[in-house]
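Number of protein chains: 2
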Amino acid sequence: MKKHNFSAGPCILPQSVLQQASDAVRELDNSGLSLIEISHRSKPFVAVMDEARALVKELLNVPEGYEVLFLQGGASLGFLTAAYNFHKEGEKAAYVNTGAWSKAAIKEAKLLGEVEVVASSEDSNFNHIPAMGNISQPSLHITTNNTIFGTQFKSMPQLNSDQMLLADMSSDIFSQEINVADFDLIYAGAQKNMGPAGTVMYIVKTESLGKTGRAIPSYLDLNVHIKKDSMFNTPPVFAVYTSMLTLRWLKGIGGVAEIQKLNEAKAKLMYSEIDRNPLFKGFAQESSRSNMNATFSITQDDLAPAFDKMWNDAGINGLKGHRSIGGYRASMYNALPLESVQVLVDVMKEFERTHG
Amino acid sequence: MKKHNFSAGPCILPQSVLQQASDAVRELDNSGLSLIEISHRSKPFVAVMDEARALVKELLNVPEGYEVLFLQGGASLGFLTAAYNFHKEGEKAAYVNTGAWSKAAIKEAKLLGEVEVVASSEDSNFNHIPAMGNISQPSLHITTNNTIFGTQFKSMPQLNSDQMLLADMSSDIFSQEINVADFDLIYAGAQKNMGPAGTVMYIVKTESLGKTGRAIPSYLDLNVHIKKDSMFNTPPVFAVYTSMLTLRWLKGIGGVAEIQKLNEAKAKLMYSEIDRNPLFKGFAQESSRSNMNATFSITQDDLAPAFDKMWNDAGINGLKGHRSIGGYRASMYNALPLESVQVLVDVMKEFERTHG
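Here the protein sequences come in this chain order: Z and D. Per our numbering, residue 7 is the first one in the first sequence, and the count goes up by one each step. Per our numbering, residue 7 is the first one in the second sequence, and the count goes up by one each step.
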């Protein structure tokens, strides 16, 4: 039976990408060798890295003056890397606290200097994106989408030209059009809309680097990686290759503008049913709802086992909410077809018919 | 034509491992889902991580009191991680300098405190493992095998019980029997004898941790990863899975003792020909020769193009030496069959016959 994969990440990838990645593990382009047993300095792999970086620039209309990197360590190491490269010695860094990942980013930044949390929704268990006043610090860090709580920034903070905006976009990169020029740093773990777990992508404004007054360890220094064309050390070849395939796929179906329409259609279908169906209620405030992760719960807890059986029987995978808020989470990343959301909505309607 | 893959890393992996890894990218164990689109918290993947860690312990006879981790960032981030976890605040750390990777490790350690290079072969372009006197520092760091120069420690330094031995074993882990109890930390990038690029394995003596007096960033703190069973953040699932397959393969063919015999046979065959054939000469001193990477050059430079054509025609891949020493490098990692070494040796003999 076909699976409908709502997993929060690692998550669904396009079927054609999985097939091509699988083929390359056997043999890369009739080379007689597997993708994973050739040198990362070989022409075929250098071409892969170059294409992956170029596709990021093309798909997001990255302006001149920015570089793209594929590194390791996930966004969790990105929290530290962001702070090392942008948190100026002796100054305060501003952070918005919108949940677990923001808190993790704040924790790492505090090792390097003072942090000011300029907005937080912690008092309401992170069910919305908090409003922000004027920012006076040299840099502001945000988490654009919050997988656990199902919230998402609907507009980006506007800073002065001498202030730096840093964003962890792990869970909504490539899902909607963004203006890269608004940001000094964007970073994103691959395992939602870009590829498999094992690489983290950075888009960095090069002129913003080198201004913190810090000695930066080599692996955490974005300038080191830029100078080596993202090959300071052996890159995670499979994760980079498969990310490249996914970006090719995205380009092939019309790019970010096209996938944004699909993502908006999926989210509309999903939230309409959550709001309509008396057996369910949404978690996040309407104005902060994520197009990537819809969080909701069942209104009568004793009915949960029956609902769980129904969606399991329908071939739905990965619908359980994160342990910190419970309930359900429908993650609707780029590769999830509208059809899968329809299957879930149909299950919810059928559940209402039989248990309402 | 069959390729004989002498690549220095990423390098040859067993054919059966490539096939199984390829299959899992399409579908993991009849789950209806790809390995790379399921949650890392799902039962199937937790089982993979557990088996990979258990196989390391079994294959290397890891004693009680040690933990095994699969992380990201390669040995290059390992240099920093080793220093953060073992370089005591205010004390000197001892390092042996046996080449480029040792120097990179020393560079990161110097960010955290004073480093004393207690032995070095830099004056002779790293063509041997230098002798060492008594070590007085709390910790000693070594690179057990030096891929670029083709040297390898033939016996491990013996320290007092209160001193800590740290080893980067990226390029000879699992190639020979070791006594893990001699070490407080072993770390190794996967992409030689263990799996694809994209994960780095740590074997750490837990009671040696937490004694540096430092605040350690989360991703660099080995205790953080131990407490989360190597899942502090999303692990590089493909690299861990494929490493597990390679370790299963190694166990299946008889384990480390068995592969050590094969590696010794391959090295003997290779070095015998280098020493015998008047058209070639070895780079490393005999007593320091690596069983993993045989470095050699051609005695008449003008014959190089002819030799290059011959080995290329024989289906040999990855024989060019590193740019810093030139010449040739035959990397003979675990998965390289004796037959491939024989093919290279036959080419060298034929080259002597036609050009000697």
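Cβ atoms here follow ideal geometry from the backbone N, Cα and C, with glycine treated the same way.
Quick one: list the residues of chain D neighbouring residue i, beta-carbon separation under 7 Å, in chain order.
| i | result |
| --- | --- |
| I44/Z | S13, P16 |
| G324/Z | S45 |
| L86/Z | P223, Y225 |
Kindly list, in the order they appear in chain Z, the residues whose Cβ is closer than 7 Å to that of residue i.
| i | result |
| --- | --- |
| L172/D | The premise fails here: L172/D is roughly 17 Å from chain Z at the closest Cβ pair, so nothing lies under 7 Å. |
| A221/D | L117 |
| N239/D | G80, S82 |
Please list the partners that residue i has in chain Z, where partner means a Cβ-to-Cβ separation under 8 Å.
| i | result |
| --- | --- |
| R32/D | L24, Q25, S28 |
| N151/D | Residues of chain Z passing the Cβ test: none, with the nearest at roughly 16 Å. |
| M7/D | G38 |
Hey, residue i and residue j are a contact pair by Cβ (cut 8 Å); roughly how many whole angstroms apart?
| i | j | result |
| --- | --- | --- |
| A203/Z | H93/D | That belief does not hold up - the Cβ atoms of A203/Z and H93/D are roughly 30 Å apart, past 8 Å. |
| G324/Z | Q197/Z | Actually they do not touch by this definition, with Cβ atoms about 13 Å apart. |
| S181/Z | N239/Z | Actually they are not in contact, since the Cβ atoms of S181/Z and N239/Z sit about 30 Å apart, beyond 8 Å. |
| A194/D | P69/D | No, A194/D and P69/D are not in contact; Cβ-Cβ is about 18 Å, not under 8 Å. |
| D174/D | T149/D | 5 Å |
| M276/D | A336/D | 6 Å |
| Y331/D | F289/D | Looking at the sequence provided, one finds Ile at residue 331/D rather than Tyr. That belief holds up - the Cβ atoms of I331/D and F289/D are roughly 6 Å apart, short of 8 Å. |
| L61/D | K257/D | 6 Å |
| K113/D | S224/Z | 7 Å |
| L66/D | I184/D | 7 Å |
| S127/Z | H134/Z | 5 Å |
Along the chain, where does the beta strand (DSSP E) containing residue i start, and where does it finish?
| i | result |
| --- | --- |
| A100/D | 99-103 |
| T218/Z | Unbroken run through T218/Z: none, as it is neither H nor E. |
| I331/Z | Per DSSP, I331/Z belongs to no beta strand (DSSP E) and is neither H nor E. |
| G288/D | 286-288 |
| L172/D | 170-174 |
Taking Cβ-Cβ distances shorter than 9 Å, what residues in chain D pair up with residue i?
| i | result |
| --- | --- |
| P242/Z | Q78, G80, P202, A203, G204, T205, P242, F244, A245 |
| G195/Z | N239, T240 |
Which chain D residues sit within Cβ distance under 8 Å of residue i?
| i | result |
| --- | --- |
| K113/Z | S224 |
| Q266/Z | Per Cβ cutoff of 8 Å: no residues; Q266/Z is ~22 Å from chain D at best. |
| G327/Z | Those within 8 Å of G327/Z in chain D number zero; the least Cβ separation is about 13 Å. |
| L19/Z | S40, I42, E43 |
Less than 6 Å between C-beta atoms, sequence neighbours within five positions excluded: which residues of the same chain meet that for residue i?
| i | result |
| --- | --- |
| A100/D | E122, V124, I141, Q143, L146 |
| L75/D | Y208, H231, S236 |
| N297/D | N269, A273 |
| S293/Z | none |
| S278/D | none |
| L309/Z | H361 |
| M162/Z | D188 |
Mind checking whether the beta-carbon of residue i lies closer than 7 Å to any heavy atom of the ligand NAD?
| i | result |
| --- | --- |
| A290/Z | Ligands in the displayed structure: none, and consequently the ligand NAD is not present. |
Residue i bridges to which residues according to DSSP?
| i | result |
| --- | --- |
| Q158/D | N151/D |
| T301/Z | R335/Z |
| G195/D | V206/D |
| L77/D | V206/D |
| A125/Z | V102/Z |
| L211/Z | The sequence as given places Lys at residue 211/Z; Leu does not occur at that position. BP columns for K211/Z point to Y72/Z. |
| N133/D | N133/D is not bridged to any residue. |
| H10/Z | I322/Z |
Under 8 Å Cβ to Cβ from residue i, same chain only, skipping five residues before and after it: list those, please.
| i | result |
| --- | --- |
| T218/Z | Y90, N91, F92, H93, K94, E95 |
| V31/D | S40, L41, I42, F244 |
| D190/Z | F92, S145, M170, L171, L172, V210, K211, S214 |
The alpha helix (DSSP H) with residue i in it runs from where to where?
| i | result |
| --- | --- |
| F85/D | 80-92 |
| V349/D | 344-361 |
| K63/Z | 49-65 |
| I232/Z | 228-233 |
| T248/D | 243-258 |
| P311/D | 310-319 |
| Q182/D | Run containing Q182/D: none; DSSP gives neither H nor E here. |
| I265/Z | 261-282 |
| D4/Z | Examination of residue 4/Z is not possible in this model, given that chain Z is present from 7 through 362 alone. |
Considering only residues of the same chain and omitting the five flanking positions on each side of residue i, which have a CB-CB separation below 7 Å?
| i | result |
| --- | --- |
| F132/D | T104, G105, N152, F155, T157 |
| K226/Z | Before going on, a small fix: residue 226/Z reads as Leu here, not Lys. Excluding sequence neighbours, L226/Z sits near L86, T87, Y90. |
| W255/Z | P20, S22, V23 |
| E57/Z | M250 |
Listing by chain order, which chain Z residues have their CB less than 9 Å from the CB of residue i?
| i | result |
| --- | --- |
| M298/D | Here the premise fails: no neighbours, minimum Cβ distance about 15 Å. |
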